[in-house]
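Undergrad: Have a look at this one.
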Amino acid sequence: MFELIGVPPQALFGQLLLGLINGAFYALLSLGLAVIFGLMNVINFTHGAQYMMGAFCAWMLLSYLGIPYWGALILAPIIVGLFGVLIERLFISRLYHLDHLYGLLLTFGLALIVEGLFRREYGISGLPYSNPIPGGTNLGFMFLPWYRGWVVLFSLTVCLATWFVIEKTQLGAYLRAATERPDLVQAFGINVPRMITLTYGFGVGLAALAGVLAAPIYSVNPVMGANLIIVVFAVVVIGGMGSIMGSIITGFGLGVIEGLTKVFYPEASNTVIFIIMAVVLMLRPQGLFGTPK
Amino acid sequence: MERARNWDMRVFAGLVVLGVFAPLLVYPVFLMKVLCFALFASAFNLLIGYVGLLSFGHAMFFGFAAYVAGHLAKVGTVSLPYWLPLLGWKWLVVAIPPLTPELAILGGTLVAALLGLIVGAIAIRRQGIYFAMVTLALAQMVFFLCVQAKFTGGEDGIQAIPRRPLLGVVDVGGDLTFYYVVLAIFCVGFLIIYRTIHSPFGQVLKAIRENEARAVSLGYAVSRFKLIAFVISAALAGLAGATKAMVFQLASLTDVTWQMSGEVVLMTLVGGMGTVFGPAVGAAIIIYMQNYLAGFGEWVLVIQGAIFVVAVLVFRRGIVGELVALLRQRAAKAGEPQETIGLAKSAG
Chain A
0 MFELIGVPPQ ALFGQLLLGL INGAFYALLS LGLAVIFGLM NVINFTHGAQ YMMGAFCAWM
60 LLSYLGIPYW GALILAPIIV GLFGVLIERL FISRLYHLDH LYGLLLTFGL ALIVEGLFRR
120 EYGISGLPYS NPIPGGTNLG FMFLPWYRGW VVLFSLTVCL ATWFVIEKTQ LGAYLRAATE
180 RPDLVQAFGI NVPRMITLTY GFGVGLAALA GVLAAPIYSV NPVMGANLII VVFAVVVIGG
240 MGSIMGSIIT GFGLGVIEGL TKVFYPEASN TVIFIIMAVV LMLRPQGLFG TPK
Chain B
0 MERARNWDMR VFAGLVVLGV FAPLLVYPVF LMKVLCFALF ASAFNLLIGY VGLLSFGHAM
60 FFGFAAYVAG HLAKVGTVSL PYWLPLLGWK WLVVAIPPLT PELAILGGTL VAALLGLIVG
120 AIAIRRQGIY FAMVTLALAQ MVFFLCVQAK FTGGEDGIQA IPRRPLLGVV DVGGDLTFYY
180 VVLAIFCVGF LIIYRTIHSP FGQVLKAIRE NEARAVSLGY AVSRFKLIAF VISAALAGLA
240 GATKAMVFQL ASLTDVTWQM SGEVVLMTLV GGMGTVFGPA VGAAIIIYMQ NYLAGFGEWV
300 LVIQGAIFVV AVLVFRRGIV GELVALLRQR AAKAGEPQET IGLAKSAG
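Protein chains in written order, with numbering that gives the first Met the number 0: chain A, 0 to 292; chain B, 0 to 347.
Have a look at this one:
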């Protein structure tokens, strides 16, 4: 067995894979945040709670209705996305004329409500969700569990599909136009408020999808989203919310860096992303892919 | 303006008198907790209410100062890590005996100010929503540092912090005597904030809040003003946290969490952002509510979230803000000339 800089390859590639998985969640979540922010100028603090709801939704579908993972993968994002649509219509839509900070405070309050309700009902110890594709293969330098490989490939596909829709299709063109000048797009006869609602639902759906993907890897837990969302905020600051591809690259990249830190300097694994954020802010305040305002 | 300030001072004097006699009716530990959080919220309000900066990470100053004060009062000796080329990490050990409460609190405040200088220098490079996210992320980093650092005692925190005689002479072991110390600390902190808001410096801060580009074009070094305001706010939040550590003789992870940062936002929002007394009122209400609902477990979280939602949707000016608006309306009806009552308009 060969060793790389004193680290056994099993550990190195194992952490690298886990880093890619976390990176996939960062990418899916920051993508949703960026799309929502672009159109609504609201930072969706509920995003972490909606990720958690995705995982819980999958768990409930399995436990109460016997719907397996593959059904939940489609159903959970739709259910949680509809919940998002409801939230947008009932609450967030009332704040568009106000300072953006109120949107942040409102969604923070909503996140507390959702988290509190789930904690009351299910405690904070976490619920198990069985792995839908057990087993794996030995690649020689590492053991690759099938499910983890699937998560990385599937999230990458979803991210790239989202990029394609937004950057290359007619629908995406409307969306980008509405981000720039909603009033003008409205004047062309496009129902912008409905577009905003659906976009919010879509962003929330992405968060829920990440939650379903996470359920078999991490246990299903009411507090799983709260800590993640703060890291995702840092990811968003590092990448800047201007570019879809930027969000994807930053998300995966930071996941990998975090994984490598776990191998080479585990003491800093919790803080490395925040340190990178501080450095980026000093050197390039608008973020790696952001445009200066 | 002059008349308005007289009013503020009269209200303040009334509250101080109330504070002096309050322990006759209310449990002093509860009052001290309210005072600590009132100061914390007022310090936070200096940023959101008068500079328009929403810091979502103020718990880092509050909680870290609590740890520093607790450590200074219990252990004293400070060990600082530093790095030298070739030699690697070393410890710089400064032998200090365990300190009296006032010095421990002062130490916590100074460290919070220093932390505020570092965090502020990074965070003010972005505005608005990004500023909130950056402060939140940096606070989370401080949280993890507190989890990992040795001196904080990890999950246990620093327990049984001794409350030595004040200045080495006055015995403050009893809660009632210490209450008056806390009341004095609160008054000093509050007056510093009040003075800051109503100074020429404070006027510039308001100008930045209203229109940053205009303040820049008028020749103000906006970043420097923001940074100074940030440091003052961080130091006073640290003063509040350090005092709280001496009150409960405990410094723990709870005070550094993002939930604590959220709570101070909630207190200020409920009381009234950008009002002089709002944050203190909000702190009293939220602390009372938490005490009252302590037996309901997770419902506290749900209720706090609900208050957030209601406050943002229908009650944005907060209790004091709405009250002031009401008084102003009456004054206008009575035909008096309209003027601002020394309270800035709700932050926007």
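Backbone N, C-alpha and C fix where the C-beta goes; we use that ideal spot for every residue, glycine too. Please read these numbers as outputs of a predicted model, since none were measured by experiment.
Check alanine 12(B) in the structure and name its three-state DSSP category.
TA: As a first step, residue 12(B) must be located in the second sequence, where it is residue number 13. Helix.
Undergrad: May I have the straight-line CA-CA distance separating tyrosine 26(B) from glutamine 289(B), to the nearest angstrom?
TA: Counting from one through the second sequence, the residue named residue 26(B) turns up at place 27. Counting from one through the second sequence, the residue named residue 289(B) turns up at place 290. When rounded, the distance between both Cα atoms is 15 Å.
Undergrad: What number of angstroms, rounded off, separates the C-alpha of serine 345(B) from the C-alpha of glutamine 328(B)?
TA: Position 346 of the second sequence, counted from the first residue, corresponds to residue 345(B). Position 329 of the second sequence, counted from the first residue, corresponds to residue 328(B). Note that serine 345(B) scores 41 on pLDDT, short of 50, meaning its location in the model is unreliable; the coordinates nonetheless yield the value given after this. Roughly 16 Å separates the two Cα atoms.
Undergrad: Anything in chain B within Cβ reach of glutamate 266(A), meaning under 9 Å, just list it in chain order.
TA: Numbered from 1 along the first sequence, position 267 holds the residue referred to as residue 266(A). Result: Gln147.
Undergrad: Let me know the secondary structure DSSP gives proline 192(A) once reduced to three states.
TA: As a working note, residue 192(A) is residue 193 in the first sequence. If DSSP states are grouped into helix, strand and coil, proline 192(A) belongs with the helices.
Undergrad: Could you check how far apart the C-beta atoms of methionine 240(A) and tryptophan 162(A) are, in whole angstroms? I think they sit under 8 Å.
TA: For the purposes of this step, residue 240(A) is identified with residue 241 of the first sequence, where counting begins at 1. For the purposes of this step, residue 162(A) is identified with residue 163 of the first sequence, where counting begins at 1. Not quite, the Cβ-Cβ distance comes to about 14 Å (not below 8 Å), so this is no contact.
Undergrad: Would phenylalanine 307(B) count as contacting chain D if we go by Cβ distances under 8 Å?
TA: The structure shown has no chain D; the protein chains it does contain are A and B.
Undergrad: Please list the partners that phenylalanine 232(A) has in chain B, where partner means a Cβ-to-Cβ separation under 7 Å.
TA: Within the first sequence, the letter at position 233 stands for residue 232(A). Met132, Leu135, Ala136, listed in chain order.
Undergrad: Shorter than 8 Å from the beta carbon of methionine 0(A) to some beta carbon of chain B?
TA: Here the question's residue 0(A) lines up with position 1 in the first sequence. Any answer about methionine 0(A) is weak, because its pLDDT of 45 lies below 50 and its placement is not dependable; what the coordinates show is given next. Output row for methionine 0(A): interface = no.
Undergrad: Counting only Cβ pairs nearer than 7 Å, list the residues of chain B close to valine 84(A).
TA: Counted from its first residue, the first sequence places residue 84(A) at position 85. Here the premise fails: no neighbours, minimum Cβ distance about 17 Å.
Undergrad: CB methionine 245(B) to CB glycine 317(B), shorter than 8 Å?
TA: As a first step, residue 245(B) is located in the second sequence; it is residue number 246 there, counting from the start. As a first step, residue 317(B) is located in the second sequence; it is residue number 318 there, counting from the start. Going by C-beta atoms, methionine 245(B) is not nearer than 8 Å to glycine 317(B).
Undergrad: Would arginine 315(B) count as contacting chain A if we go by Cβ distances under 8 Å?
TA: Position 316 of the second sequence holds residue 315(B). Yes, contact with chain A.
Undergrad: Could you give the uninterrupted runs of the alpha helix (DSSP H) lying entirely in the segment 135–180 of chain A, keeping only those of 4 residues or more?
TA: The segment 135–180 of chain A contains these whole alpha helix (DSSP H) runs: 145–167, 169–179.
Undergrad: Check distances from the C-beta atoms of the segment 133–167 of chain A to those of chain B and list, in chain order, the residues that come in under 9 Å.
TA: Taking 9 Å as the Cβ-Cβ cut-off against chain B, none of the residues of the segment 133–167 of chain A qualify.
Undergrad: So, at 8 Å on beta carbons, what are the nonlocal neighbours of proline 127(A) in its own chain, with the 5 sequence-adjacent residues on each side left out?
TA: Along the first sequence, one-based indexing puts residue 127(A) at 128. Ser218, Val219.
Undergrad: In chain order, which continuous runs of the alpha helix (DSSP H) of length 4 or greater are located wholly inside the segment 209–237 of chain B?
TA: Those alpha helix (DSSP H) runs which fall completely within the segment 209–237 of chain B and span 4+ residues are 211–216.
Undergrad: Helix, strand or coil: which one does DSSP assign to serine 391(B)?
TA: Lying outside 0 to 347, the shown extent of chain B, residue 391(B) is not represented and no answer is given.
Undergrad: What residues from chain B crowd round methionine 281(A), counting only those whose CB sits closer than 9 Å?
TA: Within the first sequence, residue 281(A) is the residue found at index 282, counting from 1. By Cβ distance, chain B contributes Ala120, Ile121, Arg124.
Undergrad: To the nearest angstrom, how far is it from the Cα of leucine 155(A) to the Cα of cysteine 35(B)?
TA: Position 156 of the first sequence holds residue 155(A). Position 36 of the second sequence holds residue 35(B). About 48 Å.
Undergrad: Report buried or exposed for aspartate 254(B), applying the criterion of at least 16 other Cβ atoms within 10 angstroms of its Cβ.
TA: Start at 1 with the first residue of the second sequence, and residue 254(B) comes out as number 255. Counting Cβ neighbours within 10 Å, aspartate 254(B) comes out buried, since at least 16 surround it.
Undergrad: Per the contact definition of three or more C-beta pairs closer than 8 Å, is the segment 134–145 of chain B in contact with the segment 44–59 of chain B?
TA: The segment 44–59 of chain B, when compared against the segment 134–145 of chain B, does touch it at the 8 Å Cβ threshold.
Undergrad: From what residue to what residue does the beta strand (DSSP E) around glycine 273(B) run?
TA: As a position in the second sequence, residue 273(B) is number 274, starting the count at 1. Unbroken run through glycine 273(B): none, as it is neither H nor E.
Undergrad: What residue does the beta strand (DSSP E) around valine 50(B) start on, and which one ends it?
TA: By 1-based counting over the second sequence, the position of residue 50(B) is 51. Element bounds for valine 50(B): n/a, residue is neither H nor E.
Undergrad: Could you check how far apart the C-beta atoms of tyrosine 25(A) and valine 234(A) are, in whole angstroms? I think they sit under 8 Å.
TA: What you label residue 25(A) is simply residue 26 of the first sequence in a count that begins at 1. What you label residue 234(A) is simply residue 235 of the first sequence in a count that begins at 1. The pair is a contact, with the Cβ atoms about 5 Å apart (cut-off 8 Å).
Undergrad: For glycine 33(B), I'd like the list of residues in its chain whose CB is within less than 7 Å of its CB, leaving aside the five on either flank, ordered along the chain.
TA: Start at 1 with the first residue of the second sequence, and residue 33(B) comes out as number 34. One detail in the question is off: residue 33(B) reads as valine in this sequence, not glycine. Within the same chain, valine 33(B) has close Cβ partners Ala282, Ala283, Ile286.
Undergrad: Does the segment 221–230 of chain B come close enough to the segment 90–99 of chain B to have 3 or more Cβ pairs within less than 8 Å?
TA: No: fewer than three Cβ pairs fall under 8 Å.
Undergrad: Am I right that leucine 19(A) and phenylalanine 251(A) are in contact with their C-beta atoms under 8 Å? What's the rounded C-beta distance?
TA: For the purposes of this step, residue 19(A) is taken as the residue at position 20 of the first sequence. For the purposes of this step, residue 251(A) is taken as the residue at position 252 of the first sequence. That belief holds up - the Cβ atoms of leucine 19(A) and phenylalanine 251(A) are roughly 7 Å apart, short of 8 Å.
Undergrad: What did DSSP end up calling lysine 261(A) once you bin it into helix, strand or coil?
TA: Counting from one through the first sequence, the residue named residue 261(A) turns up at place 262. If DSSP states are grouped into helix, strand and coil, lysine 261(A) belongs with the helices.
Undergrad: What distance in whole Å lies between the Cβ atoms of glycine 80(A) and valine 203(A), which are believed to be in contact at a cut-off of 8 Å?
TA: Counting from one through the first sequence, the residue named residue 203(A) turns up at place 204. Counting from one through the first sequence, the residue named residue 80(A) turns up at place 81. Confirmed, about 5 Å.
Undergrad: Do phenylalanine 60(B) and leucine 116(B) count as a contact pair if the criterion is CB distance below 8 Å?
TA: Within the second sequence, the letter at position 117 stands for residue 116(B). Within the second sequence, the letter at position 61 stands for residue 60(B). For leucine 116(B) and phenylalanine 60(B), no; Cβs fall outside 8 Å.
Undergrad: On the DSSP bridge assignment, give the partners of isoleucine 157(B) in chain order.
TA: Your numbering for residue 157(B) matches position 158 in the second sequence. Ala250(B).
Undergrad: What residue from Met59(A), Met39(A), Gly125(A), Leu100(A) has the CA that sits closest to proline 221(A)'s CA?
TA: Here residue 221(A) refers to the residue found at position 222 when the first sequence is read from its first residue. The candidate whose alpha carbon is nearest that of proline 221(A) is Gly125(A).
Undergrad: Taking the alpha-carbon positions, what's the phenylalanine 44(A) to leucine 105(A) distance?
TA: Counting from 1 along the first sequence, the entry for residue 44(A) is found at position 45. Counting from 1 along the first sequence, the entry for residue 105(A) is found at position 106. So the alpha carbons of these two residues sit roughly 8 Å apart.
Undergrad: According to DSSP, lysine 149(B) sits in a beta bridge with which residue or residues?
TA: If you number the second sequence from 1, residue 149(B) lands on position 150. Paired residue(s): none; lysine 149(B) is not in a bridge.
Undergrad: Assuming leucine 15(A) and valine 255(A) are in contact, meaning their beta carbons sit under 8 Å apart, how far apart are those beta carbons, in whole angstroms?
TA: Against the first sequence, residue 15(A) aligns to sequence position 16. Against the first sequence, residue 255(A) aligns to sequence position 256. Confirmed, about 6 Å.
Undergrad: Taking all protein chains shown into account, decide if arginine 194(B) is buried (16 or more other Cβ within 10 angstroms of its Cβ) or exposed.
TA: One-based indexing of the second sequence puts residue 194(B) at position 195. Its Cβ having fewer than 16 others within 10 Å, arginine 194(B) is exposed.
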